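Take the sequence shown: its position 411, counted from the start at 1, is 411 in UniProt numbering, and no numbers get skipped. Glycine included, each C-beta is placed from N, C-alpha and C at the ideal position. Fair warning: this is a prediction, and the values are worked out from it, not measured in the lab. See structure below.
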Amino acid sequence: MHTQPSGANVRQRPRRSTTIQASRYHRSIKSQLAIEYAYQTHDRSAETWVPWVHASNAARFEQSYRDIAGRVKISGRQDPKVNIFQLVHDWLCSSKDRWLLVLDNVDDARFLLDVPMAQRDEAPDSRSAPKPLRSYIPHSEHGSVLVTTRNQDAALKLVERRDIISVQPMNEVQASSLFKKKLEEDEDSISIDELAATLEYMPLAIVQAAAYIAQRAPRCSARQYLDEFRRSERKRTSLLIRDERQLRRDWEAKNSILVTWQISFDHIQQTRPSAADLLSLMSFFDRQGIPADVLRDRAGQAGTSGQQQQEANDPPSGDIMSQSSEGDDEFEDDVVTLRNFCFISVESDSRNFEMHALVQLATREWLDANSRPEQWRREFTALMAREFPSGSFENWTRCQVLLPHVAPMFDKKPTEEELLQDWAQVLYNAGWYLWMQGQYREAEGVARKGVETRGSIAGQDAVATLDSVSILAVVLQYQGKYEAAEAMNRR
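Structural data, given as structure tokens:
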């Protein structure tokens, strides 16, 4: 290893397999913790050897095993027919010296469950039957295994839940300290604290921002970066997509937090498309208080829509509850997938979800890169048109929950006629609710847009248009704008 310790304190657990799972987007932290643990192990026991395996995929896993065999000059390692995994496994198991084997970046453990490519054609009666790569992770009284991952599902494929050490989120003090450590020049502490909070205390985002600032100093400061970051979503994307190299990170690892996450999004899209769909939809909600029941209802309706053709030709099963249960199970499995990657979390009331703003930004950028943002904007708009109720008293609680999610829509007029109808429905109900809550100025702006939109697509005399006109008229009246209200009522 050629990396300096980070100063973290990781408790040693000898003679067992342990996994460090990075919680809440700490991709750069988990490897640094493993490095620090390796140094602490060496300090306590200088004779302990620490072989390092890059385990992001099968090719790098095999190369690491070959490097280990070459490093200790295991006999037979140069034989082209040798099973290098068995060779290293047996050598470590038979070694009388202590060792700590680190499997770094096991974010997708599926390849460890497969038989190595070179062994797949072996005859069934060969001396040793082909085994999955996981079988070649050694277990010995003289050794320990440490695995790093940011995917809890991957961790559970390798160790028991009790052996997982979750890396908790950084707090304000830790994040600011990391920022100051990465910036050589003295920086304004207030600006650093603000920037760390804006980056939501995420280590990789902080390291990335610090590298950007340091490379451009003295023409760039933390305050200037913060001002640029706050300017627009496009500017935030531009800053966070940059891949500033870090000398102490694996050459394969991505140093851009957006790129890092988008690789995970691609993985989820390939392995569980419905979870990727759920994440895509959630990126259009406000980041807090995302109602689980709205998402579950949407998932159920999507499943029903997809089965309509088949159900039209099949006899009724009569098991409606079973179908509903299966839909709930699918939804919960999607939630588990996203939580395992720490892309979403469950709020304390267990009824709502939360996402970090940077995760939403990364998701929308990923959708844009795959030419899919309009698809999910349509999905979200249609969903809100169905779910946001009228502003009558019995719906106030529901309206209060959904208002933060629809409010950003008020200034984003769609161009498609079908979407305009859904948008106008949201404006009508939201304007009604805002009026009933006494927020007359906001209600006027929303209701006026609803009148204009419905008038343009349905006509001035359409029932829907007149409904919107009546809301606008009463809002104007409550503000004392009697002439304008009377003019509306005469339309």
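With DSSP as the reference, identify every bridge partner of residue i, one or two as the case may be.
i, result
"Glu354", "Ser345"
"Val53", "Leu103"
"Pro291", "Asn352"
Cutting at 7 Å between CB atoms, please list the residues of its own chain near residue i, excluding the five before and the five after it.
i, result
"Asn395", "Pro389"
"Leu419", "Arg378 and Thr381"
"Ile457", "Glu417, Leu420 and Gln421"
"Ser392", "none"
"Glu194", "Leu226"
"Ser45", "Arg98"
"residue 496", "Here the chain covers residues 1 to 491 and nothing more, so residue 496 does not appear."
"Pro404", "Asp286 and Gly289"
"Gln400", "none"
Report back the beta-carbon spacing between residue i and residue j to the nearest angstrom; my notes put them in contact at under 8 Å.
i, j, result
"Arg296", "Asp328", "7 Å"
"Glu365", "Thr453", "Not really, about 29 Å apart at Cβ, beyond 8 Å."
"Leu33", "Val167", "7 Å"
"Leu367", "Ser280", "6 Å"
"Trp99", "Gly143", "4 Å"
"Leu258", "Leu338", "Actually they do not touch by this definition, with Cβ atoms about 17 Å apart."
"Ile164", "Ala154", "Actually they are not in contact, since the Cβ atoms of Ile164 and Ala154 sit about 11 Å apart, beyond 8 Å."
"Ser135", "Gln208", "38 Å between Cβ atoms; not a contact."
"Glu172", "Ala196", "7 Å"
"Phe179", "Thr198", "Contact flag wrong, Cβ pair sits at about 11 Å."
"Ala424", "Val446", "Contact flag wrong, Cβ pair sits at about 10 Å."
"Leu133", "Ala38", "So it is not a contact: roughly 22 Å between Cβ atoms."
"Ile290", "Glu233", "The pair is not a contact, with the Cβ atoms about 19 Å apart (cut-off 8 Å)."
"Ala464", "Leu476", "Actually they are not in contact, since the Cβ atoms of Ala464 and Leu476 sit about 19 Å apart, beyond 8 Å."
"Leu239", "Ile213", "Not quite, the Cβ-Cβ distance comes to about 10 Å (not below 8 Å), so this is no contact."
The beta strand (DSSP E) with residue i in it runs from where to where?
i, result
"Ile164", "Ile164 to Val167"
Could you pull out every residue in the same chain whose Cβ sits closer than 6 Å to the Cβ of residue i, ignoring the five residues on either side in sequence?
i, result
"Ser274", "Asp334"
"Ser140", "Cys93"
"Leu383", "Arg298"
"Arg491", "Val469"
"Gln360", "Ser283 and Arg287"
"Leu101", "Pro51 and Val145"
"Arg27", "Here the model assigns Arg27 a pLDDT of 47, short of 50, so the residue's position is not dependable and the matter cannot be decided."
"Arg60", "His54"
"Gln308", "Residue placement at Gln308 cannot be trusted, given a pLDDT of 43 that sits under 50; what the coordinates show is reported in the next sentence. Closer than 6 Å at the Cβ level, and outside the excluded window around Gln308, lies no residue."
Taking the alpha helix (DSSP H) that residue i belongs to, which residues open and close that run?
i, result
"Gly431", "Glu417 to Met436"
"Tyr65", "Ala58 to Val72"
"Thr237", "Glu233 to Leu240"
"Ala407", "Note, Ala407: premise wrong, no alpha helix (DSSP H); not H, not E."
"Lys182", "Glu172 to Lys182"
"Tyr212", "Pro203 to Arg216"
"Glu394", "Where Glu394 is concerned, there is no enclosing alpha helix (DSSP H), given that its DSSP letter is neither H nor E."
"Ala197", "Ser189 to Thr198"
"Arg378", "Pro373 to Glu387"
"Ser274", "Pro273 to Met282"
Counting only beta-carbon separations shorter than 7 Å, does residue i have a partner in chain D?
i, result
"Ala385", "Of the protein chains in the structure, only one exists, and it is not chain D."
Short of 8 Å in beta carbon distance, which residues of its chain neighbour residue i, apart from the five on each side in sequence? Order them along the chain.
i, result
"Arg448", "Leu472"
"Gln174", "Tyr201"
"Gly480", "none"
"Ser191", "Ser221, Ala222, Arg223 and Leu226"
"Arg272", "Asp333, Asp334 and Thr337"
Runs of beta strand (DSSP E) wholly within the stretch 89-157 (minimum 3 residues, chain order): 99-104 and 143-149
Complete runs of the beta strand (DSSP E) confined to the stretch 443-485 [at least 3 residues]: none
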